[in-house]
Amino acid sequence: MTTRTCVLLIILAILSDAVTPQNYGCFGGNYTTNGTYSTNLNSLISSLPPNIQHNGFYNATAGQPSDRAYATALCRTDFQLEACRTCLREAAPELLRLCPNRRQGILFRDTCTLRYSDESLADGAATDGYTIYAKSSRTAPNPEQFNQELRGLLKDLRAQAAAGGPLMKIAAGNETETDFQTIFALVQCVPYLTETRCDQCLISAEQHVCCDGNTGVRVYMPGCYTQYEVVPMYNITRIQEVRAITSPLPPPPLVPVPVPVPVPSSPGNTNRTVIIVLVPIVASLLLAVCVGLIVRKRFKKKTEHTTLQGEQEVVSAEESLLYDFKQLAAATDNFSNSNKLGEGGFGAVYKGKLQSGQQIAVKRLSRNSRQGELEFKNEIVLMAKLEHRNLVRLLGFSLQGSERLLVYEFVQNGSLDCSIFDPMKRLLINWESRYKIIKGIAKGLVYLHEESRVRIIHRDLKASNILLDGDKNSKISDFGISRLFQQDETRANTHRIVGTYGYMAPEYARHGDFSIKSDVYSFGVLVLEIVSGQSNSSFKNVEKGESVEYMLSYAWRNWCAGRARKLIDPALMSASTPLHDIMRCIHIGLLCVQKNARDRPTMSSVLIMLHSFSATFPVPLEPAFFIPGGEEDMTRSLEIKPTEFSINEASITKLHPR
Numbered sequence: 001m002t003t004r005t006c007v008l009l010i011i012l013a014i015l016s017d018a019v020t021p022q023n024y025g026c027f028g029g030n031y032t033t034n035g036t037y038s039t040n041l042n043s044l045i046s047s048l049p050p051n052i053q054h055n056g057f058y059n060a061t062a063g064q065p066s067d068r069a070y071a072t073a074l075c076r077t078d079f080q081l082e083a084c085r086t087c088l089r090e091a092a093p094e095l096l097r098l099c100p101n102r103r104q105g106i107l108f109r110d111t112c113t114l115r116y117s118d119e120s121l122a123d124g125a126a127t128d129g130y131t132i133y134a135k136s137s138r139t140a141p142n143p144e145q146f147n148q149e150l151r152g153l154l155k156d157l158r159a160q161a162a163a164g165g166p167l168m169k170i171a172a173g174n175e176t177e178t179d180f181q182t183i184f185a186l187v188q189c190v191p192y193l194t195e196t197r198c199d200q201c202l203i204s205a206e207q208h209v210c211c212d213g214n215t216g217v218r219v220y221m222p223g224c225y226t227q228y229e230v231v232p233m234y235n236i237t238r239i240q241e242v243r244a245i246t247s248p249l250p251p252p253p254l255v256p257v258p259v260p261v262p263v264p265s266s267p268g269n270t271n272r273t274v275i276i277v278l279v280p281i282v283a284s285l286l287l288a289v290c291v292g293l294i295v296r297k298r299f300k301k302k303t304e305h306t307t308l309q310g311e312q313e314v315v316s317a318e319e320s321l322l323y324d325f326k327q328l329a330a331a332t333d334n335f336s337n338s339n340k341l342g343e344g345g346f347g348a349v350y351k352g353k354l355q356s357g358q359q360i361a362v363k364r365l366s367r368n369s370r371q372g373e374l375e376f377k378n379e380i381v382l383m384a385k386l387e388h389r390n391l392v393r394l395l396g397f398s399l400q401g402s403e404r405l406l407v408y409e410f411v412q413n414g415s416l417d418c419s420i421f422d423p424m425k426r427l428l429i430n431w432e433s434r435y436k437i438i439k440g441i442a443k444g445l446v447y448l449h450e451e452s453r454v455r456i457i458h459r460d461l462k463a464s465n466i467l468l469d470g471d472k473n474s475k476i477s478d479f480g481i482s483r484l485f486q487q488d489e490t491r492a493n494t495h496r497i498v499g500t501y502g503y504m505a506p507e508y509a510r511h512g513d514f515s516i517k518s519d520v521y522s523f524g525v526l527v528l529e530i531v532s533g534q535s536n537s538s539f540k541n542v543e544k545g546e547s548v549e550y551m552l553s554y555a556w557r558n559w560c561a562g563r564a565r566k567l568i569d570p571a572l573m574s575a576s577t578p579l580h581d582i583m584r585c586i587h588i589g590l591l592c593v594q595k596n597a598r599d600r601p602t603m604s605s606v607l608i609m610l611h612s613f614s615a616t617f618p619v620p621l622e623p624a625f626f627i628p629g630g631e632e633d634m635t636r637s638l639e640i641k642p643t644e645f646s647i648n649e650a651s652i653t654k655l656h657p658r
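Reminder that position 638 of the sequence shown reads as 638 in full-length UniProt numbering, one-by-one numbering, no gaps.
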């Protein structure tokens with residue numbers, strides 16, 4: 001019986017209020033110390049704690065197929081994020097110490113579960129392997145009644161957890177039996193499990209729970225966790241908070257309109273019926289007109305009030321963000337040209353150094369700036385609410401007379417366009433760095449769209465608004481025209497089209513409609529630019545060195561003809577470059593720039609695809625702004641030919657979060 005198929009049970013008799021011991025299992029063969037797999041594994045394990053998300057789950061891979069390491073981390077969602085990260089920081093070195101040089105290992109702790117392997121930890125591998133069964137030594141006064149109530153409670157919770165979305169599968173609740181003893185239970189699955197696999201895992205776990213009347217049991221499995229006690233043991237408020245930020249709110253229910261029942265009438269009552277019908281109609285029309293006038297008047301007052309409130313909101317957003325103008329002038333040597341980092345339609349950006357020694361970047365808006373008062377206020381109010389490693393941090397602002405200054409953290413390597421589009425500098429950015437940049441942008445957008453306290457649409461995502469720090473970590477900047485959405489909002493419309501052509505989604509450029517899918521479109525353009533090393537506005541045939549059609553048309557034509565490799569920057573074409581990874585990014589980029597917004601993936605799905613080495617992706621449809629003609633005359637009914645690399649183009653219905 002192999003370790004891949006057997007189930008090892010460790011039965012630990014513990015008191016219900018005792019702490020479950022740290023338990024682990026080591027499997028597989030051995031790896032060489034300081035070898036490639038060892039390096040990949042150590043790098044991967046150390047990356048888990050800082051990358052764990054609010055839903056308590058993260059998984060990733062590192063290395064090439066021959067020495068690739070896989071790892072997953074799962075925390076109980078009802079624990080705070082910092083407690084989860086602390087658990088993983090402690091568990092990571094401990095598991096490596098407990099399983100020296102073993103290619104597979106798993107560690108269960110009260111707060112978190114950590115697992116690594118040299119094989120893919122996909123759906124089918126998540127419910128087998130190592131199981132921990134811990135139970136209380138106490139027995140319920142009425143075991144039969146206790147077990148009956150327990151089975152019903154676990155069945156209900158199992159259904160709730162399994163039906164959870166791809167980001168969160170957890171449920172908790174309680175049941176009071178006839179002896180007035182309350183049973184508290186919590187069940188949780190690895191989020192990427194399908195509903196069926198989650199249900200199967202929890203059923204398997206329940207087999208260790210039933211039916212001896214123990215008042216406390218915990219079952220740990222690689223794919224799921226089950227616990228019940230007769231004392232409260234979960235934080236339902238925390239679960240509800242995480243669910244609120246990981247699940248979109250459902251649309252409001254439709255209210256049925258009552259259908260009037262016709263009443264038979266005689267000819268003699270015709271005149272009376274007409275009068276009865278007309279009077280309420282006329283009265284309703286008059287009432288509607290009056291209400292409209294009142295609402296219009298109040299709306300006008302509200303608009304005036306909002307304008308005044310906006311003036312105050314900038315100053316009151318964060319008192320600690322307010323800088324003295326003289327302080328910033330001194331930091332930038334009075335905005336000298338020697339400190340100028342760049343200049344655009346909004347004004348100039350200067351490098352500065354505060355008296356404390358902290359380096360800063362100061363954006364000084366010109367008086368005829370494209371970024372006016374509204375955008376200035378918008379950026380301050382929004383950035384005060386945001387904090388993420390892949391967003392440029394706003395340190396503060398200054399208001400003095402006509403001067404408008406924004407103060408940011410100084411980002412060492414400047415904007416992405418200065419590096420990726422420069423014929424010399426882009427030679428220094430290998431694929432590993434470019435892939436890191438792409439994933440960083442994706443993480444920043446997932447935070448804006450789904451994980452921040454407010455939902456934000458950036459609306460001007462482009463290469464010049466992506467900054468790179470010293471480690472090539474990407475940071476999204478310039479939130480002047482971003483739009484804050486309520487949690488139940490998904491799209492909006494504007495008559496003021498702002499942004500950058502080439503990155504604008506078609507529904508926004510043509511009709512002013514924007515949503516999170518508008519940012520997805522811009523991200524897709526960025527991905528194709530990073531892969532090709534060229535700007536979409538000045539795209540050239542890398543083989544002939546001449547300007548050709550719009551980049552999306554070029555990418556689409558070659559993808560359909562099985563020549564997607566022609567899009568890749570020649571600087572990346574070396575023997576060590578993982579071409580499959582590049583082809584996967586081209587595939588993702590084309591999915592993001594599809595003509596219809598509903599066909600584009602969400603950024604959370606994009607992030608899953610970027611980390612997935614085994615999932616199949618949908619076949620991309622024709623991109624927006626596709627221009628027929630060019631090298632070959634192809635119609636909308638293109639025959640899709642296989643690309644040079646084996647990429648499964650079968651459609652999928654579910655993605656596995658990493």
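Heads up, the beta-carbon is just placed ideally off N, CA and C, and yes, glycines get one too.
By DSSP's assignment, residue 30 forms a beta bridge with 102. Counted as a single uninterrupted DSSP element, the stretch harbouring residue 406 is not any alpha helix (DSSP H) but the beta strand (DSSP E) occupying residues 403-409.
Within the region 555-626, the complete alpha helix (DSSP H) segments of 4 residues or longer fall at 579-592 and 603-611, listed in chain order. Residue 331: member of the alpha helix (DSSP H) spanning 325-331, first to last residue. Taking the Cα positions, residue 90 is about 20 Å away from residue 132.
Here residue 348 carries a strand assignment [DSSP, helix/strand/coil]. DSSP places residue 227 inside the beta strand (DSSP E), whose first and last residues are 224-229.
For the set 175, 473 and 188, the Cα lying nearest the Cα of residue 168 is the one of 188. 571 is the residue among 403, 521 and 571 whose C-alpha sits nearest the C-alpha of residue 427. In the three-state scheme derived from DSSP, where H, G and I count as helix and E and B as strand, residue 354 is classed as coil. By the neighbour-count criterion, in which 16 or more other beta carbons inside 10 Å mark a residue as buried, residue 325 falls on the exposed side. Judged by beta-carbon spacing, residue 79 lies beyond the 9 Å limit of residue 33, meaning their Cβ atoms are not closer than that value. Burial is judged here by how many other beta carbons sit within 10 angstroms of a residue's own beta carbon; residue 573 has fewer than 16 and is exposed. Going by beta carbons, residue 420 and residue 444 fall outside the 9 Å limit. Under the three-state reduction of DSSP output, residue 176 falls in the strand class. Taking all protein chains shown into account, residue 163 has fewer than 16 neighbouring C-beta atoms within 10 Å of its C-beta and is therefore exposed. The Cβ atoms of residue 219 and residue 77 do not sit closer than 9 Å to each other.
When 517, 580 and 585 are compared, the shortest CA-CA separation from residue 530 is found for 585. In the same chain as residue 58, and ignoring 5 residues on each side of it, the C-beta atoms closer than 8 Å to its own belong to 48, 51, 52, 72, 73 and 658, in chain order. Remark: C-beta atoms of residue 121 and residue 24 do not approach each other more closely than 9 Å. The beta carbon of residue 449 sits closer than 8 Å to those of 455, 456, 457, 516, 519, 602, 603 and 604, all from its chain and outside the five residues before and after it, given in chain order. Take residue 98, set aside five residues on each side of it, and the residues of its chain with a beta-carbon closer than 6 Å to its own are 24, in chain order. With fewer than 16 other Cβ atoms from the protein chains shown falling within 10 Å of its own Cβ, residue 29 counts as exposed. Out of 564, 217 and 101, the CA that lies nearest to the CA of residue 229 is found in 217. Judged by beta-carbon spacing, residue 414 lies within the 9 Å limit of residue 341, meaning their Cβ atoms are closer than that value. For residue 508, no beta strand (DSSP E) run applies; the uninterrupted alpha helix (DSSP H) run containing it begins and ends at 506-511, by DSSP. Within the same chain, Cβ atoms closer than 6 Å to the Cβ of residue 398 are found at 323, 325, 328 and 405, the five residues on either side in sequence being excluded.
For residue 437, the uninterrupted alpha helix (DSSP H) segment begins and ends at 431-446. A check of alpha carbon separations from residue 40 across 348, 539, 67 and 407 identifies 67 as the nearest. About 3 Å separates the Cβ atoms of residue 143 and residue 213, confirming a contact at the 8 Å cut-off.
With contacts defined as CB atoms closer than 9 Å, residue 154 and residue 206 qualify as a contacting pair.
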